[in-house]
Amino acid sequence: MCVGRIAAIQYDSINKLIVVSTFPSTRDRDDDEYGTGGIYVFDDSTIGECDLLRSLTNVPVETSSFSYNASLVATVASDAAVHLWDFETLQLRCVCTHPTSLGLHVVAFWDPYPVLVAADNAGNVLFFPTASSQSSRPDGGVLHCLANAHVAAAEGEASEECSVVTTLNCHYDDDAGTHMLVTGDERGVISIWSLNDMLGRLQLAVRTTTFNACHPRHPAKELETG
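So, in structure tokens, the structure goes:
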């Protein structure tokens, strides 16, 4: 089944579901069925084919991320905002924004914590809440911000310049007992950040998962925004 230009794909191994997001089409055609971008959820439990369970169209998407623990899909686009969609209904749950962000292009959930991590075009890494009950910012505001700055020499003087993060991953080091953020940026630099102090300051608790996305399974359902 063709759903358009693939922006991101994730797999829910617990429920055997494939979560796909698509770019808006580059073609200027009114009859382009998949030209607006969207979110599609497929059932991968049967051998030989994947049935479409539900979809949401007319959603601008640059990339996306899925969290089984939060039962959410996060999408980012050129509007400098993160949209959080309920995974079971594909209804909009929250919009996370930052007033100084210059456009978000990377997004990932920090499971099992109720936190979303995103990177913008100014070299910032932003942490947003996904559960208002565990956050002091229920409006979707920023919990924490890191500047991906490197020391650079210009005309004999050292200065800090921010570099755009192109990929990121949250990881827990069992041996060191350290929560870490690993980032890679446009200059080819890999950075490792300790997140223990931030966790302690925000007093974030691990989310308990009660989510069952596909039992019983429902027929395909298509939603449209706008």
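In my numbering, the protein residues as written are 9 to 234.
Where a beta carbon is used, it is the ideal one built from N, C-alpha and C, also for glycine.
**OP:** Would you identify the three-state DSSP class for L210, choosing helix, strand or coil?
**Re:** Along the sequence shown, read from residue 1 onward, the residue named residue 210 stands at position 202. The answer is helix: DSSP assigns L210 an H, G or I state.
Original post:
CA-CA distance, H91 and A184?
Top reply: Residue mapping note: residue 91 aligns to position 83 of the sequence shown, counting from 1. Residue mapping note: residue 184 aligns to position 176 of the sequence shown, counting from 1. H91 and A184: Cα-Cα distance of roughly 34 Å.
Subject >> For S72, the first and last residue of its enclosing beta strand (DSSP E) >> reply: Stepping through the sequence shown from its first residue, residue 72 is reached at position 64. Following the DSSP letters along the chain, one finds S72 inside the beta strand (DSSP E) bounded by residues T71 to S75.
Original post:
Quick one: is the Cβ of V84 within less than 6 Å of any heavy atom of the ligand PLP?
Top reply: With respect to the ligand PLP, the structure shown offers nothing to examine, as it has no ligands at all.
**OP:** State yes or no: is the C-beta of Y48 within less than 7 Å of the C-beta of S63?
**Re:** Walking along the sequence shown from the start, residue 48 turns up at place 40. Walking along the sequence shown from the start, residue 63 turns up at place 55. Contact flag set, yes.
**OP:** Measure the C-alpha to C-alpha separation of H179 and L151 and round it to an integer number of angstroms.
**Re:** As a first step, residue 179 must be located in the sequence shown, where it is residue number 171. As a first step, residue 151 must be located in the sequence shown, where it is residue number 143. If you take the alpha carbons of H179 and L151, they lie about 19 Å apart.
Subject >> Own chain, CB closer than 8 Å to G46, minus 5 neighbours either side, in chain order >> reply: Taking the first residue of the sequence shown as 1, we reach residue 46 at position 38. The residues are V11, G12, S29, T30, S63, L64, T65, N66, V67 and V69.
Subject >> Proximity of I198 and G192 at Cβ, strictly below 7 Å >> reply: Here residue 198 refers to the residue found at position 190 when the sequence shown is read from its first residue. Here residue 192 refers to the residue found at position 184 when the sequence shown is read from its first residue. Yes, they are a contact pair.
Subject >> Closest residue to N129 among E194, R101, D59 and S202 (Cα-Cα distance) >> reply: For the purposes of this step, residue 129 is taken as the residue at position 121 of the sequence shown. Closest option to N129, Cα to Cα, is E194.
Subject >> For L98, the nearest candidate out of S79, H113 and A88 (CA to CA) >> reply: Numbered from 1 along the sequence shown, position 90 holds the residue referred to as residue 98. Just measuring C-alpha positions, the residue of S79, H113 and A88 sitting nearest L98 is S79.
**OP:** Just mark A127 as buried or exposed, buried being the case when its beta carbon has 16 or more other beta carbons within 10 Å.
**Re:** For the purposes of this step, residue 127 is identified with residue 119 of the sequence shown, where counting begins at 1. It counts as buried.
Original post:
Among N132, T186 and H187, which residue has its Cα nearest to the Cα of V169?
Top reply: Looking up residue 169 in the sequence shown gives position 161. The sequence shown places Glu at residue 169, rather than the Val named in the question. With distances taken between Cα atoms, E169 lies closest to N132.
Original post:
How many angstroms separate the CA atom of L112 from the CA atom of V84?
Top reply: Indexing the sequence shown from 1 puts residue 112 at position 104. Indexing the sequence shown from 1 puts residue 84 at position 76. When rounded, the separation of the alpha-carbon atoms in L112 and V84 is 6 Å.
Original post:
Which value, in whole angstroms, describes the spacing of the CA atoms of A213 and N204?
Top reply: The residue given as residue 213 occupies position 205 in the sequence shown. The residue given as residue 204 occupies position 196 in the sequence shown. Between A213 and N204, the C-alpha separation is close to 13 Å.
Subject >> CA-to-CA distance, T71 to T175, given in whole angstroms >> reply: As a first step, residue 175 is located in the sequence shown; it is residue number 167 there, counting from the start. As a first step, residue 71 is located in the sequence shown; it is residue number 63 there, counting from the start. Roughly 12 Å separates the two Cα atoms.
**OP:** Excluding the 5 residues preceding and the 5 following K24 in the sequence, name in chain order all residues of the same chain whose CB lies nearer than 6 Å to its CB.
**Re:** For the purposes of this step, residue 24 is taken as the residue at position 16 of the sequence shown. The residues D52 and S53, in chain order, have a CB closer than 6 Å to that of K24 in the same chain once the five nearest residues on each side in sequence are set aside.
Original post:
Under 7 Å, do H106 and L134 count as touching if we go by C-beta distance?
Top reply: Along the sequence shown, read from residue 1 onward, the residue named residue 106 stands at position 98. Along the sequence shown, read from residue 1 onward, the residue named residue 134 stands at position 126. Judged by beta-carbon spacing, L134 lies within the 7 Å limit of H106, meaning their Cβ atoms are closer than that value.
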